[in-house]
Amino acid sequence: MTHNSPRVRFAPSPTGYFHVGSARTALFNWLVARRTGGTFVLRIEDTDAERNREEWVDGILSALHWLGMDPDEGPYRQSLRIDRYHQAIDALWDAGALFACGCTHDEVTARNKAAGILTPGYDGHCRSLGLPRGEGRALRFITPDDGVTTVPDVIRGDVEFPCSAMDDFVAVKGSGAPLFVLANVVDDIDMAISHVIRGEDLLPTTPRCILLWEALARIGWTTDGTVGAAGAATPPLPVFAHLPMLVNEARKKLSKRKDPVAVESYRDKGFLPEAFVNYLGLLGWSPPNDESEIFTAAQMTEWFALDDVNHSPAFFDVAKLTHMNGEYIRALSVDAFVEVCRPWLTGDAAPWPDEAFDEGVFTAMAPVIQERVTVLGEVPAMVDFLFLDTPEFDPEAWAKAMAGDDGALGILEAAIESYAALADDWTAASLHAATLAVAESVERKLGKAQAPIRIAVTGRRVGPPLFEALEVLGPDRTLTRLRSAAKFVAAGGTPDFAPDVTPDVTPDA
Ligand code: GLU
Ligand code: ZN
């Protein structure tokens with residue numbers, strides 16, 4: 000392994016759904032690798048057995064795949080590298096970089112309080128006691144007493160951390176398990192990582208990483224598994240880049256509980272990965288030419304530079320992302336649109352039985368559907384009336400435009416009569432003309448007259464343009480549905496709503 004071409008890594012901990020912030024971190028790493036002919040390494044930081052779950056690991060892999068960012072190398076798993084961390088711990092111990100500490104949190108707090116020290120943190124109590132390892136003692140790293148540790152950050156410049164504010168931090172738990180920071184640094188060295196690109200939340204940890212890295216360098220820790228071998232050298236410190244935090248509308252850090260942050264949920268709602276990646280690219284970066292916010296991953300690769308990344312928080316704007324997704328959907332060819340809709344049209348995602356689906360019918364409607372959806376998950380409800388025996392009635396729509404409208408029956412009856420005469424000329428244009436005449440006969444605007452017809456036929460108040468929908472549905476089914484709806488309205492009843500959606504049909508309550 001050489002340092003000539005960059006080696007970047009994405010190092011998620013599998014503790015939950017794949018967070019949009021993680022996806023943005025993965026993307027910026029991936030872009031650096033693609034831009035420079037480097038290597039994009041995936042490392043699963045799964046040493047915390049209590050918080051990690053295998054399904055979250057699968058979630059990371061499948062989300063990266065969905066986004067088109069499969070790793071070039073890995074996934075490495077920290078849980079399989081524990082021996083290596085112990086090797087590093089032993090080497091650091093032998094070199095005197097660590098000391099054993101048996102203090103409890105309460106003891107440290109009490110001592111600090113007695114000494115009038117208000118800042119939390121370890122007071123150095125055991126540093127010079129020479130306690131042996133083991134017996135449940137944690138191992139702390141000896142930090143310098145004065146000076147500063149500087150994090151040279153491509154995005155923020157030099158960030159200085161005074162050593163006086165840094166305590167002797169725990170590198171190994173009392174149980175003997177390495178802490179995150181130790182495993183992280185050993186891996187970055189072993190994997191010859193040249194660029195550490197990660198979220199701003201990790202910036203406070205970075206001075207510790209640097210001190211550990213330097214301590215390992217002093218004892219001749221090498222990437223090939225040897226320690227202190229003649230002539231071997233630890234690679235130089237990596238380039239650091241801490242990406243700006245993502246915030247919500249209230250400019251607060253995105254909350255796992257309150258904000259929609261799971262990448263999986265965007266995939267499931269029918270966002271296009273191309274649109275999603277495009278939007279992620281705008282979270283802290285924008286193309287240098289400032290021409291358009293719509294660009295491909297290939298264009299981003301061509302334009303991306305880490306030092307153009309902004310350090311101020313980036314607003315994760317779901318409305319903007321959704322709007323952008325709509326633009327991507329409308330830009331597809333009809334064939335491509337039909338293709339990306341496929342997962343929503345069969346199997347569990349579809350509200351009709353598979354055998355009821357007719358691709359020719361869907362394709363005929365596709366151009367007008369494509370204009371009207373912002374996410375693919377909206378597609379089934381737009382076309383289900385074509386594939387279900389009876390429409391899925393929206394109880395509220397029925398209550399308002401049928402039960403709650405005295406004119407509904409007249410409109411339905413007039414439509415039945417004039418549509419029946421059109422059977423040989425069943426086109427959107429002639430249906431349009433016939434409906435206009437119906438509207439005039441009841442002295443209503445076309446839009447108002449359409450409502451009962453639309454609900455009778457599609458079950459809903461919104462959907463594809465009515466006359467195209469009727470044309471595709473055909474005269475038989477259209478007339479059957481109109482007659483059935485008229486019968487219900489005349490009897491003051493409602494269609495057979497699914498039991499769990501039985502409406503309150505009190506007119507205009
Ligand atoms: N596993 C760490 C986390 O997910 C990230 C470590 C890193 O990128 O250095 O927060
Ligand atoms: Zn102690």
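Counting along the sequence shown from 1, when you hit position 396 you're at 395 in numbering that gives the first Met the number 0, and nothing is skipped either side. For every residue, glycine included, the Cβ atom is placed at its ideal position computed from N, Cα and C.
Beta-carbon proximity list for residue i, same chain, < 7 Å, skipping 5 on both sides
i: Val-437; result: Ile-410, Ala-413, Ala-414, Ser-417, Ala-448
i: Glu-470; result: Trp-425, Thr-426, Ala-427, Leu-430
Three-way DSSP call (helix, strand, coil) for residue i in this model
i: Thr-501; result: Its pLDDT being 39, under 50, Thr-501 is placed unreliably by the model, and the measurement read from it follows with that caveat. Coil, per DSSP.
i: Cys-518; result: The displayed coordinates of the chain run from 0 to 508. Any statement about residue 518 would go beyond what the structure contains.
i: Gly-376; result: helix
i: Arg-136; result: coil
i: Glu-44; result: coil
i: Thr-233; result: coil
i: Asp-152; result: strand
i: Asp-507; result: At Asp-507, the pLDDT of 37 sits below 50, so the modelled position is not reliable and the matter cannot be decided from this model.
i: Pro-342; result: helix
i: Gly-129; result: coil
i: Thr-38; result: strand
i: Tyr-75; result: strand
i: Pro-474; result: helix
i: Ile-454; result: helix
i: Arg-8; result: strand
i: Ala-94; result: coil
Proximity of residue i and residue j at Cβ, strictly below 8 Å
i: Ile-509; j: Pro-463; result: Since the first residue of the chain shown is 0 and the last is 508, residue 509 is not available in this structure.
i: Pro-350; j: Pro-379; result: yes
i: Val-246; j: Leu-253; result: yes
i: Pro-11; j: Glu-44; result: yes
i: Cys-162; j: Cys-125; result: no
i: Ile-192; j: Trp-212; result: no
i: Arg-519; j: Asp-186; result: The chain is shown from 0 up to 508; residue 519 falls before or after that span and cannot be answered.
i: Ala-99; j: Met-68; result: no
i: Val-169; j: Arg-136; result: no
i: Phe-303; j: Leu-30; result: yes
i: Asp-393; j: Gly-473; result: no
i: Tyr-265; j: Leu-181; result: no
i: Leu-344; j: Phe-336; result: no
i: Leu-215; j: Val-158; result: no
Sequence-distant residues of its chain with Cβ nearer than 6 Å to residue i (five each side left out)
i: Ile-452; result: Ala-414
i: Ala-508; result: For Ala-508, the predicted structure reports a pLDDT of 31, less than 50, and the residue's modelled location is therefore unreliable. A value from the coordinates is still provided. Taken in chain order, the list of residues that qualify is empty.
i: Pro-312; result: Pro-243, Met-244, Val-246
Residue i, buried or exposed, once every other Cβ within 10 Å from all chains shown has been counted against 16
i: Pro-494; result: buried
i: Val-184; result: buried
i: Pro-177; result: buried
i: Arg-8; result: buried
i: Leu-445; result: exposed
i: Asp-89; result: exposed
i: Lys-251; result: exposed
i: Ile-116; result: exposed
i: Ser-4; result: exposed
i: Glu-338; result: exposed
i: Lys-399; result: buried
i: Thr-434; result: buried
i: Leu-210; result: buried
i: Thr-118; result: exposed
8 Å Cβ shell around residue i - same chain, five flanking residues per side excluded
i: Asp-267; result: Gly-376
i: Val-441; result: Gly-406, Gly-409, Ile-410, Ala-413, Ala-448
i: Thr-518; result: Because the chain spans 0 through 508 in this model, residue 518 falls outside it and cannot be assessed.
i: Ala-62; result: Phe-17, Ala-22, Val-262, Glu-263, Arg-266
Residue i Cβ short of 7 Å to the ligand HEM heavy atom set
i: Ala-365; result: The ligand HEM is absent from the structure shown, which contains only the ligand GLU and the ligand ZN.
**Request:** Please confirm if the segment 53 to 64 is in contact with the segment 14 to 27, defined as three or more CB-CB distances below 8 Å between the two stretches.
**Result:** Three or more pairs of CB atoms, one per stretch, sit closer than 8 Å, so the segment 53 to 64 contacts the segment 14 to 27.
**Asked** Does the segment 274 to 281 come close enough to the segment 198 to 207 to have 3 or more Cβ pairs within less than 8 Å?
**Response** With a cut-off of 8 Å, the segment 198 to 207 and the segment 274 to 281 do not count as touching, because too few Cβ pairs lie within range.
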